[in-house]
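Report on one structure; see the data block that follows.
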Amino acid sequence: MLLSESIVKAVEVLNEGGVILHPTDTVWGIGCDPFNEDAVKRVQKLKNRPNEQPFILLVHSLEKLREYVPLIHPRIETLLSLHQRPLTIVYPDAENLAPPLVNENGEVAMRIVKTGPCHSILKTFDKPMLSTSANTHGNPTPTFFGEVTSDIIRGCDFTFPCDKNEKNGREQMPSVIATYNEKTGELEFIRS
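In short: position in the sequence shown from 1, add 778, done, that's this note's numbering.
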């Protein structure tokens, strides 16, 4: 299957309420349409993840991010443009989103994916995609596709084609997670 065909197929599955296994800009992920409750529940069950634990949402651009987080602090915008590693930001006052996409304080974790097949999927899908690492809750995050368990693979409706041992020439690691503390005026790194 060609890359373009794989992207079209992934988006088709997302639009039909399915769950996909795909490469992100960090580690392999499980993704679905965050506005499809059944798909979100399937991901929670597949991951054996607590219902109250919110997910990360991926988008392809700052413009798409603004549809859900209209007020982005200028320091965050600067960080998004300059940071070398993939960066997930926890934003306050999310709009047009409900649990489990936001936490009890109305915050949402979102990341702009700038390159690769995941960026192409997001651009074609043209809305956020719920994303989580391709492992069950509490187990190690797989650093490449060959480490994804068969239970996770079987639980997805579409697996993005890949070389099962390919590491994309770099060590795969989760994104940096940060938030901006309005009171202190400082960035707080939750995971670095």
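Every residue gets a Cβ at the ideal spot worked out from N, C-alpha and C, and that includes glycine.
(message) Quick check for students: name the residue ranges of the beta strand (DSSP E) that lie wholly in the stretch 791-871, counting only runs of 3 or more.
(response) 798-801, 806-810, 834-837, 865-869
(message) Using only CA atoms, which one of 900, 793, 902, 927 lies nearest to residue 911?
(response) 927
(message) Tell me the DSSP secondary structure of residue 886 in three-state form.
(response) strand
(message) My output table needs one value for residue 972: the three-state DSSP class, helix, strand or coil.
(response) With the chain covering 779 to 970 only, the question about residue 972 has no answer from this structure.
(request) Would you mind reading off the limits of the alpha helix (DSSP H) that contains residue 908? (result) Counting along the chain, residue 908 falls outside any alpha helix (DSSP H), though it belongs to the beta strand (DSSP E) covering 907-911.
(message) Taking contact to mean 3 or more Cβ pairs, one atom from each stretch, closer than 8 Å, check whether the stretch 811-818 and the stretch 883-901 are in contact.
(response) no
(request) To the nearest angstrom, report how far apart residue 781 and residue 893 are at their CA atoms. (result) 14 Å
(request) With residue 922 as the anchor, note down where its beta strand (DSSP E) starts and where it stops. (result) From DSSP, residue 922 is part of no beta strand (DSSP E); its letter is neither H nor E.
(request) Can you tell me which of the three DSSP states residue 873 falls into? (result) coil
(request) Using 10 angstroms around the beta-carbon of residue 798, count the other beta-carbons present and answer buried if the total reaches 16, otherwise exposed. (result) buried
(request) Identify whether residue 938 lies in helix, strand or coil by the three-state DSSP scheme. (result) coil
(request) Would you kindly work out how many angstroms separate the C-alpha atoms of residue 949 and residue 836, rounded to a whole number? (result) Residue placement at residue 949 is poorly supported in this model, since its pLDDT is 49, which falls under 50; the coordinates are not used for a value here.
(request) Report the three-state DSSP secondary structure of residue 780 (helix, strand or coil). (result) coil
(message) Check for me: the beta strand (DSSP E) holding residue 965 runs from which residue to which?
(response) 964-969
(request) Reducing DSSP to helix, strand and coil, say where residue 878 ends up. (result) coil
(request) Taking 8 Å as the threshold, find out whether the stretch 837-849 comes into contact with the stretch 782-802 through three or more Cβ pairs. (result) no
(message) Suppose you measure from the CA of residue 881 to the CA of residue 968; what does that come to, to the nearest Å?
(response) 15 Å
(request) Return helix, strand or coil for residue 892, following the three-state DSSP convention. (result) coil
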